[in-house]
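Heads up, the thing below is written out as structure tokens.
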Amino acid sequence: MNDKKIRVRFAPSPTGPLHMGGVRTALYNYLFAKKHGGDFLLRIEDTDQGRFVPGAEEYIIESLKWCGIQPNEGVGFGDGPHAPYRQSERKPLYRQYAEQLINSGHAYYAFDTAEEMEALRKQAEAEKRTFSYDSFTRGQLKNSTALSAEETAQRIANGEAHVIRLKVPQKEEIQINDLIRGEVVFHSDLVDDKVLLKSDGMPTYHLAHIVDDYLMKITHAVRGEEWLPSAPAHVLIYRYLGWENEMPQYAHLPLLLKPDGNGKLSKRDGDRLGFPVFPLDWQDPSTGEKSAGYRERGYYPQAFVNMLAFLGWNPGTEQEIFSIEELCSAFSFEHIHKAGAKFDPEKAKWFNEQYLRHASEQEIAARLKSVVANTFNIGADDRRLSENYLTQAVVLLKPRVQFEAEMPEKGNYLFMAPDQYDQQVIEKKWKENSRSFFVALANAFSTSSTFTASDVDTLVKETATTQNIKPGDIMQLFRVVLSGQGGGVDLTGMASLLGKEECVARIELALKKIQN
354 MNDKKIRVRF APSPTGPLHM GGVRTALYNY LFAKKHGGDF LLRIEDTDQG
404 RFVPGAEEYI IESLKWCGIQ PNEGVGFGDG PHAPYRQSER KPLYRQYAEQ
454 LINSGHAYYA FDTAEEMEAL RKQAEAEKRT FSYDSFTRGQ LKNSTALSAE
504 ETAQRIANGE AHVIRLKVPQ KEEIQINDLI RGEVVFHSDL VDDKVLLKSD
554 GMPTYHLAHI VDDYLMKITH AVRGEEWLPS APAHVLIYRY LGWENEMPQY
604 AHLPLLLKPD GNGKLSKRDG DRLGFPVFPL DWQDPSTGEK SAGYRERGYY
654 PQAFVNMLAF LGWNPGTEQE IFSIEELCSA FSFEHIHKAG AKFDPEKAKW
704 FNEQYLRHAS EQEIAARLKS VVANTFNIGA DDRRLSENYL TQAVVLLKPR
754 VQFEAEMPEK GNYLFMAPDQ YDQQVIEKKW KENSRSFFVA LANAFSTSST
804 FTASDVDTLV KETATTQNIK PGDIMQLFRV VLSGQGGGVD LTGMASLLGK
854 EECVARIELA LKKIQN
């Protein structure tokens, strides 16, 4: 690596919500920059005004903030020395470089209309071939390589709509040294003449990102592998502008694949299989269609980021749980795979579960307090809303859930007495002496001076012994009497948390409802 300060960028287009694949691209840029003490900036590539979606830019910024992927400079994060960072605000810059390529003979004006281009594509399709505007076809089309200089000048003077295209040479090998894929060689005969400047004066991605990367001193361009086929044209543009020695090192990231591995992961896959593909909830401003986000589904941002990091990269060790600082330290392009990364929604839940296991019970309890109060209509002074009660409830529930939001529902019996009882357990476990056992147990609870989990365990076993019942035969029934359910959190811990008065009340309630 050279001595230049590392500078990388994430440059999404505001054409809709930010896909999790885009977040991964931002993450890898961020990790690489932070590891090497470099800069990471956010640039908005909004040159395609026809596909601009209101709210998409704000969504991108909010997503990065939620993930903790904080740029040093850029849109929404403060201007640096290379502002502005929206390409639409840099429009005057690009024409001069397009004209420079015209003047050096490496680009040309093209006057073909959209209708004419569509007709050429349809004709090629009918002939079972693919139309390409390239070094083999440009001579037969309406552009300055086929027209005289006088006619070209006259058309421009008349205000005729035109684009500027890159003039790709024939019979050349174009090489790019990719940080992930190594040396990749392309043949120029297979590269089309990319549009550099559109008829509305806006640049295309092909010109704009190169001009911006050069002016913003970007040292490494990390992007998805869908851009790899365009890389030879980008190498040529750098060369023709005289910037080849300043060209950033490219790294083309593997695709995120569907859970079955067949094809690129899309929103439709998430809708079909019930998992999010976006970091935050999104509502399409034109259709009103809603898409789920990881934040609103209850994922921790750290878990989401940790999961994303492993979609295409691994540290070469068995460790899977990483803080963002540990990811920065461990990250390298050498450990990014070339092949696509298959997304596993169950593994995403697993990551969240691991972070939940290590989260502070007190902090979770504080977040759940209002939810529990509203869900179960509990007054502010009730012991069930005390810090101690909620914290102990969280301790009990942690091993049973993957998300904080599941706790009130899955642990509802910790906050309200059951009104129904698991009939399968009742039919299987309730015996002639069950009623007398629970009457005796309620008496034992009432007279106990302490009520720890250990106390509960001792009292249940002692009562069972006096009633000639094996403790193992009564425990699941005891659980159903307290919670209404045949499974759940640690039984004696639950009873201790509920307290002896509540346990006695629930036993008495169950004895009224359960028939012999």
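Residue 766 in the numbering used here sits at position 413 of the sequence shown, with consecutive numbering throughout. Beta carbons are placed, not taken as given, at the ideal position from N, Cα and C, and that holds for glycine.
Comparing C-alpha positions only, which one of Arg474, Phe631, Arg859 and Gln476 sits nearest to valine 834?
Translated into positions along the sequence shown, residue 834 becomes position 481. Among Arg474, Phe631, Arg859 and Gln476, the Cα nearest to that of valine 834 is on Arg859.
Any heavy atom of the ligand HEM closer than 6 Å to the Cβ of leucine 850?
Absence of the ligand HEM is noted for the structure shown, with no ligands found whatsoever.
Please give the ranges of any beta strand (DSSP E) in the stretch 593-658, keeping only runs that are unbroken, at least 3 residues long and fully inside the region.
602-606
Indicate whether phenylalanine 696 and arginine 737 have their beta-carbon atoms separated by less than 7 Å.
Within the sequence shown, residue 696 is the residue found at index 343, counting from 1. Within the sequence shown, residue 737 is the residue found at index 384, counting from 1. No; because the gap between Cβ atoms is not below 7 Å, this pair is not in contact.
Three-state secondary structure (DSSP) of glycine 535:
The sequence position of residue 535 within the sequence shown is 182, counting from 1. Note: glycine 535 maps to strand in three-state DSSP.
Is arginine 737 helix, strand or coil when you go by DSSP?
Here residue 737 refers to the residue found at position 384 of the sequence shown. Of the three classes helix, strand and coil, the one that applies to arginine 737 here is helix, per DSSP.
At what residue ranges does the stretch 674-737 contain a whole run of the alpha helix (DSSP H), taking only runs of 4 or more?
677-683, 698-711 and 714-729
Does the distance from the CB of leucine 532 to the CB of phenylalanine 393 come in under 7 Å?
Against the sequence shown, residue 532 aligns to sequence position 179. Against the sequence shown, residue 393 aligns to sequence position 40. Against a cut-off of 7 Å, the Cβ pair of phenylalanine 393 and leucine 532 comes out as no contact.
Using the rule of at least 16 other Cβ atoms within 10 Å of the residue's Cβ for burial, across every protein chain shown, is arginine 443 buried or exposed?
Taking the sequence shown and counting its residues from 1, one reaches residue 443 at position 90. Classification of arginine 443: buried, given that the 10 Å Cβ count is 16 or more.
Is the number of C-beta pairs between the stretch 421-430 and the stretch 457-476 that are closer than 8 Å three or more?
no
Am I right that histidine 605 and isoleucine 359 are in contact with their C-beta atoms under 8 Å? What's the rounded C-beta distance?
On the sequence shown, residue 605 is found 252 positions in, with the first residue counted as 1. On the sequence shown, residue 359 is found 6 positions in, with the first residue counted as 1. Actually they do not touch by this definition, with Cβ atoms about 18 Å apart.
Buried versus exposed, by CB contacts within 10 Å (16 or more), serine 488:
Along the sequence shown, read from residue 1 onward, the residue named residue 488 stands at position 135. It counts as buried.
Backbone CA spacing between serine 849 and valine 809 [nearest angstrom]
Counted from its first residue, the sequence shown places residue 849 at position 496. Counted from its first residue, the sequence shown places residue 809 at position 456. Rounded to whole angstroms, serine 849 to valine 809 spans 7 Å at the Cα level.
Taking the C-alpha atoms as reference points, what is the distance between lysine 691 and leucine 664?
Position 338 of the sequence shown, counting from 1, holds the residue named residue 691. Position 311 of the sequence shown, counting from 1, holds the residue named residue 664. Rounded to the nearest whole angstrom, the C-alpha separation of lysine 691 and leucine 664 is 11 Å.
Could you tell me which residues DSSP pairs with valine 361 in its beta bridges?
Mapped onto the sequence shown, residue 361 falls at position 8. Partner(s): Phe393.
Boundaries (first-last residue) of the beta strand (DSSP E) holding valine 564:
In the sequence shown, counting from the first residue as 1, residue 564 sits at position 211. Unbroken run through valine 564 is the alpha helix (DSSP H), 558-568; no beta strand (DSSP E).
Extent of the continuous alpha helix (DSSP H) to which leucine 844 belongs
Residue numbering aside, residue 844 sits at position 491 when the sequence shown is read from its first letter. Start and end: 844-851.
Say whether the stretch 705-712 touches the stretch 744-761, bearing in mind that this needs 3 or more beta-carbon pairs closer than 8 Å, one atom from each stretch.
Counting C-beta pairs closer than 8 Å gives three or more between the stretch 705-712 and the stretch 744-761, which meets the contact rule.
Asparagine 659 to valine 724, Cα distance in whole Å?
If you number the sequence shown from 1, residue 659 lands on position 306. If you number the sequence shown from 1, residue 724 lands on position 371. Whole-angstrom Cα-Cα distance: 27 Å.
Beta-carbon contacts of glutamine 602 that lie in its chain and below 6 Å, excluding the five residues immediately before and after
For the purposes of this step, residue 602 is identified with residue 249 of the sequence shown, where counting begins at 1. These residues qualify, in order along the chain: Leu532 and His573.
Note the first and the last residue of the continuous beta strand (DSSP E) segment covering tyrosine 462.
Locating residue 462 in the sequence shown gives position 109, counting from the first residue. 460-463 is the span of the beta strand (DSSP E), which, as asked, contains tyrosine 462.
For proline 607 and histidine 688, what's the separation of their Cα atoms in angstroms?
The residue labelled residue 607 in the question sits at position 254 within the sequence shown. The residue labelled residue 688 in the question sits at position 335 within the sequence shown. Roughly 12 Å between the two C-alpha positions.
Comparing alpha-carbon positions, which option in Arg534, Tyr462 and Arg576 lies nearest glycine 374?
The residue given as residue 374 occupies position 21 in the sequence shown. Nearest in C-alpha terms to glycine 374, of all of Arg534, Tyr462 and Arg576, is Arg576.
Helix, strand or coil for arginine 443? Go by DSSP, reduced to three states.
By one-based count along the sequence shown, residue 443 stands at place 90. Of the three classes helix, strand and coil, the one that applies to arginine 443 here is helix, per DSSP.
Does the Cβ of histidine 711 have 16 or more other Cβ atoms within 10 Å, making it buried, or fewer, making it exposed?
Locating residue 711 in the sequence shown gives position 358, where the first residue counts as 1. Exposed, since its Cβ has fewer than 16 Cβ neighbours within 10 Å.
Boundaries (first-last residue) of the alpha helix (DSSP H) holding arginine 832:
Working through the sequence shown from its first residue, we reach residue 832 at position 479. Element bounds for arginine 832: 824-836.
Pick helix, strand or coil for glutamine 493, following the three-state DSSP scheme.
The sequence position of residue 493 within the sequence shown is 140, counting from 1. Here glutamine 493 sits in helix by DSSP.
If you check the beta carbons only, do cysteine 681 and lysine 387 fall under 7 Å apart?
On the sequence shown, residue 681 is found 328 positions in, with the first residue counted as 1. On the sequence shown, residue 387 is found 34 positions in, with the first residue counted as 1. Closer than 7 Å, so yes.
Proximity of phenylalanine 791 and glutamine 820 at Cβ, strictly below 7 Å
Your numbering for residue 791 matches position 438 in the sequence shown. Your numbering for residue 820 matches position 467 in the sequence shown. With contacts defined as CB atoms closer than 7 Å, phenylalanine 791 and glutamine 820 fail to qualify as a contacting pair.
Proximity winner among Asp545, Phe729, Lys853 and Leu384, relative to isoleucine 896 (alpha-carbon distances)
What the structure shows of the chain is the stretch from 354 to 869, and residue 896 is not part of that stretch, so it cannot be assessed.
Quick one: measure Cβ to Cβ for tyrosine 558 and glutamate 759, integer angstroms, because I've assumed they're closer than 8 Å.
By 1-based counting over the sequence shown, the position of residue 558 is 205. By 1-based counting over the sequence shown, the position of residue 759 is 406. The pair is not a contact, with the Cβ atoms about 43 Å apart (cut-off 8 Å).
Check whether the Cβ atoms of leucine 380 and leucine 618 lie closer than 7 Å to each other.
Residue numbering aside, residue 380 sits at position 27 when the sequence shown is read from its first letter. Residue numbering aside, residue 618 sits at position 265 when the sequence shown is read from its first letter. Cβ distance not < 7 Å, so leucine 380 and leucine 618 don't count as in contact.
Figure out for me which residue from Trp666, Gly429, Asp622 and His540 has the closest Cα to the Cα of glutamate 410.
Working through the sequence shown from its first residue, we reach residue 410 at position 57. It is Gly429 whose Cα lies nearest to the Cα of glutamate 410.
Host beta strand (DSSP E) of alanine 574 (start-end)
Position 221 of the sequence shown holds residue 574. Alanine 574 -> beta strand (DSSP E) spans 573-577.
For arginine 518: DSSP bridge partner residues:
Sequence index remark: in the sequence shown, residue 518 carries index 165 (1-based). BP columns for arginine 518 point to Tyr461 and Val548.
Counterpart residues of isoleucine 529 in DSSP-defined beta bridges:
Locating residue 529 in the sequence shown gives position 176, where the first residue counts as 1. Looking at the DSSP assignment, isoleucine 529 forms a beta bridge with Val537.
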